[in-house]
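Listed in order, the protein sequences are those of chains R and U.
Each residue of the first sequence is one higher than the last, beginning at 1 in full-length UniProt numbering.
Each residue of the second sequence is one higher than the last, beginning at 1 in full-length UniProt numbering.
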Amino acid sequence: MKDKFAEPVLSRRAVLLAAGATAVATVAARAEEPPVKVGMSGPFSGGLSLLGQGVRDGVEVAFAEINAQGGVGGRKLVFIAEDDAYEPMRTIAAARKLVEQDKVAALLAVTGTAPSAALLPFVTESKTPLLFPYAFSHSLTTPVKRDVFTTLPEVRVQMRVLANYILKTLKQTKVAAIYQNDDFGQDAVAGLEERFGRDKIPLVKLPFDRGTTNFSGVVAQAKAAGVEHIVFLGIPKDAALVMREANNLGWKPQFSGHNALGDPQTFQLAGPLAEGALAVAVMEPLDSDKPAVKAFIEAQKKYKSSTKPTTYSMHGYQSGKLLAEVLKRSGGKSDEPSLVAALEGMKGYDTGLMAPITFSPQQHAGALAGAIMKAEGGKWKLITGWLEAD
Amino acid sequence: MTNATDIAGLPGRRSSHGSELVLAGLGVALACVAPFWLNGYGLYLLTLTAIFAIVALGLNLLTGYAGQISLCHAALFGVGAYATALLTSKAGWPYLVSLPVGALLTTAIGAAVAVPALRLKNLYLAIATLGFGVVLQKTIFEWRSLTGGGGGLSLAPPTIAGHELGATGLYYLALAFLVLGLWGAWNLSRGRTGRALRLIKESEIAAASLGIHIARYKVTAFAVSAFYTAIAGGLFAYLVRYINPESFNVGLSIGFLSMIVIGGLGTIGGSIVGALFYVVVPELLRGIKDAPGLVFGVVLVMVMVFMPQGLWGMARRFLGRR
Numbered sequence: 001m002k003d004k005f006a007e008p009v010l011s012r013r014a015v016l017l018a019a020g021a022t023a024v025a026t027v028a029a030r031a032e033e034p035p036v037k038v039g040m041s042g043p044f045s046g047g048l049s050l051l052g053q054g055v056r057d058g059v060e061v062a063f064a065e066i067n068a069q070g071g072v073g074g075r076k077l078v079f080i081a082e083d084d085a086y087e088p089m090r091t092i093a094a095a096r097k098l099v100e101q102d103k104v105a106a107l108l109a110v111t112g113t114a115p116s117a118a119l120l121p122f123v124t125e126s127k128t129p130l131l132f133p134y135a136f137s138h139s140l141t142t143p144v145k146r147d148v149f150t151t152l153p154e155v156r157v158q159m160r161v162l163a164n165y166i167l168k169t170l171k172q173t174k175v176a177a178i179y180q181n182d183d184f185g186q187d188a189v190a191g192l193e194e195r196f197g198r199d200k201i202p203l204v205k206l207p208f209d210r211g212t213t214n215f216s217g218v219v220a221q222a223k224a225a226g227v228e229h230i231v232f233l234g235i236p237k238d239a240a241l242v243m244r245e246a247n248n249l250g251w252k253p254q255f256s257g258h259n260a261l262g263d264p265q266t267f268q269l270a271g272p273l274a275e276g277a278l279a280v281a282v283m284e285p286l287d288s289d290k291p292a293v294k295a296f297i298e299a300q301k302k303y304k305s306s307t308k309p310t311t312y313s314m315h316g317y318q319s320g321k322l323l324a325e326v327l328k329r330s331g332g333k334s335d336e337p338s339l340v341a342a343l344e345g346m347k348g349y350d351t352g353l354m355a356p357i358t359f360s361p362q363q364h365a366g367a368l369a370g371a372i373m374k375a376e377g378g379k380w381k382l383i384t385g386w387l388e389a390d
Numbered sequence: 001m002t003n004a005t006d007i008a009g010l011p012g013r014r015s016s017h018g019s020e021l022v023l024a025g026l027g028v029a030l031a032c033v034a035p036f037w038l039n040g041y042g043l044y045l046l047t048l049t050a051i052f053a054i055v056a057l058g059l060n061l062l063t064g065y066a067g068q069i070s071l072c073h074a075a076l077f078g079v080g081a082y083a084t085a086l087l088t089s090k091a092g093w094p095y096l097v098s099l100p101v102g103a104l105l106t107t108a109i110g111a112a113v114a115v116p117a118l119r120l121k122n123l124y125l126a127i128a129t130l131g132f133g134v135v136l137q138k139t140i141f142e143w144r145s146l147t148g149g150g151g152g153l154s155l156a157p158p159t160i161a162g163h164e165l166g167a168t169g170l171y172y173l174a175l176a177f178l179v180l181g182l183w184g185a186w187n188l189s190r191g192r193t194g195r196a197l198r199l200i201k202e203s204e205i206a207a208a209s210l211g212i213h214i215a216r217y218k219v220t221a222f223a224v225s226a227f228y229t230a231i232a233g234g235l236f237a238y239l240v241r242y243i244n245p246e247s248f249n250v251g252l253s254i255g256f257l258s259m260i261v262i263g264g265l266g267t268i269g270g271s272i273v274g275a276l277f278y279v280v281v282p283e284l285l286r287g288i289k290d291a292p293g294l295v296f297g298v299v300l301v302m303v304m305v306f307m308p309q310g311l312w313g314m315a316r317r318f319l320g321r322r
């Protein structure tokens with residue numbers, strides 16, 4: 001707390017000095033180079049703690065694995081995670097502590113849409129890289145902000161991928177969107193409409209309020225409109241209710257949804273009714289046969305055996321691995337200009353866990369692609385490769 | 001419910017005011033020099049404390065003095081934040097104008113809450129204000145064309161007379177409002193209104209029999225409290241520079257109530273100490289991995305068990321004033 005506020009927050013010397021001091025204290029004489037410190041803020045308490053803890057566990061697994069192999073260019077990775085209970089004002093406090101007190105080089109995998117949005121002024125003014133937040137909002141990368149980089153495709157991009165698949169591959173034109181009437185739902189429907197509008201195909205829009213449990217009205221309306229395909233945009237619990245409602249009417253339309261539907265819990269909630277449903281995948285499913293997914297699950301078992309691999313921890317793990325790749329490309333330098341330059345030079349980098357990632361000075365949303373997965377035999381299986389949104 | 005702090009506040013004990021003024025002056029002087037030895041993190045927390053202390057002062061007038069429980073103060077805080085932010089960013093008004101105007105708008109709403117409050121007491125009032133808070137929060141959420149809905153509102157730094165107000169400037173602004181708020185609460189609590197509110201808390205029947213216009217005083221308490229809270233909201237919006245409706249939930253209302261209970265109900269010093277506790281203690285507990293919430297809860301229980309009059313009541317006892 002003794003530093004003057006006016007001091008440049010992330011001067012390279014300050015980072016090295018602070019990192020050096022910690023190296024003496026924690027990593028002892030083993031490390032020749034000072035470690036790279038990065039921080040995270042996320043909900044580790046409160047209603048969304050499963051999400052925050054999952055992402056955090058994933059980063060910790062990745063860092064443990066990288067450090068066990070000697071770190072990046074001899075530099076170990078140090079991770080400091082702070083709780084914000086999903087309250088933006090606490091996220092800012094956490095980020096300021098991490099940057100000004102702990103002198104972290106970057107904020108990694110900050111979890112939550114509102115908390116990430118709240119950090120934008122601070123990271124811009126303090127020139128702190130905000131890397132790979134677990135958030136799907138449009139505002140993070142539009143317009144491009146020098147220090148903000150994302151990997152997860154925002155929901156509008158997902159909807160363009162899904163609409164392409166419905167119109168081109170399934171060749172279905174009688175489609176209804178049953179969507180949660182909030183910012184997320186409206187954003188998603190805007191993405192669908194954009195693509196449907198281009199082919200001049202009407203989209204039946206049926207909103208519902210968050211928290212409702214009665215879907216008989218919207219399902220009956222969809223059936224009356226004669227649609228063959230329902231895009232459901234909401235949480236899996238509500239998706240299950242809609243599937244039940246349609247089943248009660250003896251009606252079997254094709255169901256689809258965004259990445260939240262493609263979760264194992266959809267099967268617990270909807271049972272056999274979920275069979276045949278489609279969802280947009282933003283990352284590989286957990287039971288994929290891909291070697292990168294198997295390696296991730298093995299790593300989590302090895303380094304954090306008390307926790308379970310989830311889609312959240314997969315994002316955290318990939319974020320940690322990506323950071324290591326960025327550091328390798330920057331020649332081990334962790335100052336802001338080096339990190340940004342290394343990131344903006346990333347072209348089609350494949351982690352094996354999601355679509356290849358490309359950044360450029362004009363594009364800080366790393367992946368504008370998703371894949372389609374299908375519910376088969378109680379599992380989600382990818383049925384397409386990574387599809388570009390346009 | 002008569003306690004030491006109440007008695008100390010009555011006019012007969014005027015002799016103690018001198019030392020309290022010295023204490024207040026010392027506190028203000030310390031707060032004025034604080035930015036010179038704090039980093040951005042410390043300054044942020046101190047600004048947040050000042051803002052929450054303004055809310056606590058207002059809420060203490062309503063709950064601590066008049067005995068009316070409110071669970072809609074987070075929503076009023078949010079309305080103040082949105083009103084100030086929209087007047088500044090969309091209508092283009094100067095920040096120093098939109099702040100009080102936004103607060104006056106919120107005050108009108110606070111006075112409207114008071115109308116049902118005239119008929120309800122205790123838990124019934126709490127539930128009614130809870131509902132009102134949800135209505136306000138939902139209104140902000142649904143009124144997308146104006147508020148931007150659930151996606152929230154990002155704000156540019158405020159300017160005063162063409163100069164951008166940085167973190168230090170905003171801190172001093174919040175401090176100035178806190179000092180004004182302290183002065184207002186001090187005067188209000190020690191005068192006719194303060195005595196009337198305290199009597200209403202003890203017994204409405206007794207108060208009415210003494211000719212106190214209960215309805216008028218309750219509305220006054222709600223309105224003043226809403227004004228304090230809305231000013232704080234307007235400062236908060238530009239401290240965080242991102243506001244979204246979800247932030248102004250019942251949890252925050254309960255946070256505000258806990259501030260004044262921890263600090264000391266019906267005391268002015270307690271409002272500040274409570275806000276400081278609420279902001280700083282969770283930050284100090286960051287080092288405890290996985291369980292800061294648990295430890296914070298335990299600390300809360302201990303404070304209430306061992307210091308039923310709050311931290312401020314405890315401090316006064318140590319200072320030898322009964």
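Even glycine gets a Cβ: it sits at the ideal position worked out from N, Cα and C.
Cβ-based neighbour list, residue i, same chain, cut-off 6 Å, excluding 5 preceding and 5 following
i	result
Ala-279 (chain R)	Gly-257, Leu-261, Gly-262 and Met-373
Gly-52 (chain R)	Gly-42, Pro-43, Phe-44 and Thr-111
Arg-30 (chain R)	Any reading at Arg-30 (chain R) is ruled out, since the residue's pLDDT is 49, under 50, leaving its predicted position unreliable.
Pro-158 (chain U)	Tyr-95, Leu-165 and Tyr-238
Contact check, residue i vs residue j, beta carbons under 9 Å
i	j	result
Pro-88 (chain R)	Tyr-171 (chain U)	no
Leu-107 (chain R)	Phe-79 (chain R)	no
Pro-245 (chain U)	Lys-138 (chain U)	yes
Gly-377 (chain R)	Glu-275 (chain R)	yes
Glu-65 (chain R)	Ala-299 (chain R)	yes
Ser-271 (chain U)	Leu-71 (chain U)	no
Leu-311 (chain U)	Val-305 (chain U)	no
Any C-beta of chain R under 9 Å from that of residue i
i	result
Leu-130 (chain U)	no
Leu-157 (chain U)	First, the residue type needs correcting, since residue 157 (chain U) is Pro and not Leu in the sequence shown. By this cut-off, Pro-157 (chain U) is an interface position.
Glu-246 (chain U)	yes
Glu-283 (chain U)	yes
Phe-141 (chain U)	yes
Ser-154 (chain U)	yes
Tyr-44 (chain U)	yes
Val-79 (chain U)	no
Tyr-82 (chain U)	no
Leu-173 (chain U)	no
Leu-300 (chain U)	no
Arg-216 (chain U)	no
Pro-11 (chain U)	In this prediction, Pro-11 (chain U) has a pLDDT of 43, which is less than 50 and means its spatial position is unreliable; nothing more can be read from the coordinates.
C-alpha distance - residue i paired with residue j, whole-angstrom precision
i	j	result
Leu-30 (chain U)	Ala-208 (chain U)	43 Å
Gly-78 (chain U)	Ser-258 (chain U)	18 Å
Ala-239 (chain R)	Gly-271 (chain R)	12 Å
Glu-245 (chain R)	Thr-213 (chain R)	11 Å
Val-55 (chain R)	Val-115 (chain U)	47 Å
Trp-183 (chain U)	Ile-54 (chain U)	11 Å
Gly-70 (chain R)	Lys-76 (chain R)	7 Å
Thr-106 (chain U)	Ala-230 (chain U)	6 Å
Chain U within 9 Å of residue i, Cβ atoms only
i	result
Ala-117 (chain R)	yes
Glu-194 (chain R)	no
Ala-277 (chain R)	no
Asp-57 (chain R)	no
Ile-92 (chain R)	yes
Thr-26 (chain R)	With a pLDDT of 49 at Thr-26 (chain R), under the threshold of 50, the modelled position of this residue cannot be trusted, and the question is left open.
Ser-330 (chain R)	no
Pro-153 (chain R)	no
Proximal residues to residue i (C-beta, below 7 Å), its chain only, five neighbours per side dropped
i	result
Asn-247 (chain R)	Leu-273
Gly-366 (chain R)	Phe-149, Thr-150, Thr-151, Ile-357, Thr-358 and Phe-359
Phe-184 (chain R)	Val-155
Leu-45 (chain U)	Val-279, Val-280 and Glu-283
Proximal residues to residue i (C-beta, below 8 Å), its chain only, five neighbours per side dropped
i	result
Lys-218 (chain U)	Ala-66, Gln-68, Ala-114, Ala-117, Leu-118 and Ile-200
Ser-89 (chain U)	Leu-153, Leu-155 and Ala-156
Would you check if there are 3 or more beta carbon pairs closer than 8 Å linking the region 156-170 of chain U to the region 185-196 of chain U? A contact is defined here as three or more CB-CB pairs under 8 Å, and the region 156-170 of chain U fails this definition with respect to the region 185-196 of chain U.
Examine the Cβ distances between the region 46-60 of chain U and the region 176-184 of chain U and report whether three or more of them are shorter than 8 Å. The region 46-60 of chain U vs the region 176-184 of chain U: in contact.
Whether or not the region 18-27 of chain U and the region 186-203 of chain R are in contact is what I'm after, with contact meaning three or more pairs of Cβ atoms, one per stretch, closer than 8 Å; do they touch? Counting Cβ pairs under 8 Å, fewer than three are found: no touch.
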